[in-house]
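Down below is the structure, laid out as structure tokens.
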Amino acid sequence: MSRPVKCRKVCHFPNVLEFLPADDTEKKTPIVLTVDEYETIRLLDKKGYSQEQCAVSMQIARTTVQRIYEIARKKIADALIDGHPLRIEGGDFRICDGQSGNCSFGGCYKQEIYKKYAAEKGEGIMRIAVTYENGQIFQHFGHTETFKIYDIEEGKVVHSEVVDTNGSGHGALAGVLNALNADVLICGGIGGGAQTALAAAGIKLFGGVSGDADEAVEAFINETLEYNPNVKCSHHEHSHGEGHTCGEHGCGSHSCH
């Protein structure tokens, strides 16, 4: 019997999912870097974490970090040296929701959000988040500075509030929505990476919506909201399969099977 794979906590989903050689005439087979492999590269090489710190952040063993890192470095080297496309997708991971006290070693804004909003959401409440600016639906998900959240109970808005994202952008915003305990996102344009991150967090997407935010939520409640199920963001052209993400089956911090 194979040993269960530990879900790796990812705090920042990649903004770009695919990198192509400038001369792609040979059409070489893409090399796939998993999201958890991407996270080890981000933490160790970009953030400057030690392997021990990376292990704490991802909630896995240091030896696992070392193994993932070696695999990830080899894949990136192969892509650069041999001219293969590099694609980021899949893996055994879950999107950070701010619950962990070790997240960014106590400096994670998502922790503050989770402590406030997850506790306030009662049973039977649907929470809708809308990208928000001056009463309107903000049209670029990755650059939104505020969400307006609406708590819906028995077909009525029982509470609404504007929440600052604290400068979080692109890959970190799915984690902010996860910490908000949002069930639904209504937005304008959104890239493939963010869509995949939302799916991994179990948040339903209604994109390609414009106009007044309050009116859009009322339309959603009345099942008359017009949205684009194939919404794209002009800044992001590539969208790929989700692969296996721990968030899809709610494994939390224990082992996936």
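Numbering (my numbering), first residue to last: 7 to 263. Idealized CB from N, CA, C, for every residue including glycine. Here the structure is a predicted model, which means the values were calculated and not measured.
Which of helix, strand or coil DSSP assigns to residue i
i: Asp218; result: strand
i: Gln57; result: helix
i: Val38; result: strand
i: Leu191; result: strand
i: Lys33; result: coil
i: Val16; result: strand
i: Ala185; result: helix
i: Glu229; result: coil
i: Val62; result: helix
i: Val237; result: coil
Alpha-carbon to alpha-carbon, residue j and residue i
i: Ala222; j: Gly54; result: 43 angstroms
i: Thr35; j: Ile82; result: 14 angstroms
i: Gly97; j: Gln59; result: 21 angstroms
i: Ala67; j: Ile158; result: 40 angstroms
i: Lys33; j: Phe99; result: 29 angstroms
i: Phe144; j: Thr150; result: 7 angstroms
i: Ala219; j: Asn140; result: 9 angstroms
i: Gln65; j: Ala78; result: 18 angstroms
i: Glu243; j: Val22; result: Interpretation of Glu243 is limited by its pLDDT of 41, a score under 50 that renders its predicted location unreliable; the figure taken from the coordinates is listed afterwards. Going from the Cα of Glu243 to the Cα of Val22 covers about 9 angstroms.
i: Gly199; j: Arg48; result: 16 angstroms
i: Arg73; j: Val163; result: 48 angstroms
i: Tyr138; j: Ile227; result: 18 angstroms
i: Glu229; j: Pro27; result: 44 angstroms
i: Ala207; j: Cys17; result: 12 angstroms
i: Pro91; j: Ile134; result: 37 angstroms
i: Val182; j: Leu86; result: 33 angstroms
i: Cys13; j: Ala180; result: 17 angstroms
i: Val168; j: Asn187; result: 14 angstroms
i: Phe25; j: His165; result: 42 angstroms
i: Glu95; j: Thr171; result: 25 angstroms
i: Lys15; j: Tyr44; result: 12 angstroms
i: Gly213; j: Asn184; result: 17 angstroms
i: Tyr233; j: Ser63; result: 37 angstroms
i: Ile37; j: Leu50; result: 21 angstroms
i: Met132; j: Tyr123; result: 13 angstroms
i: Glu3; j: Gly161; result: This structure does not reach residue 3, given that the chain is present from 7 up to 263, and the question cannot be answered.
i: Glu76; j: Ala203; result: 24 angstroms
Limits of the beta strand (DSSP E) - the one that residue i falls within
i: Leu23; result: Where Leu23 is concerned, there is no enclosing beta strand (DSSP E), given that its DSSP letter is neither H nor E.
i: Leu92; result: Leu92 to Ile94
i: Leu211; result: Lys210 to Phe212
i: Arg271; result: Absent from the model: residue 271. The displayed extent of the chain is 7 to 263, so no value can be given.
Residue interval of the alpha helix (DSSP H) (run including residue i)
i: Lys80; result: Arg68 to Asp88
i: Gly199; result: Gly198 to Ala206
Whole runs of the beta strand (DSSP E) within the segment 129–182, excluding any shorter than 3 residues: 132–139, 152–159 and 162–170
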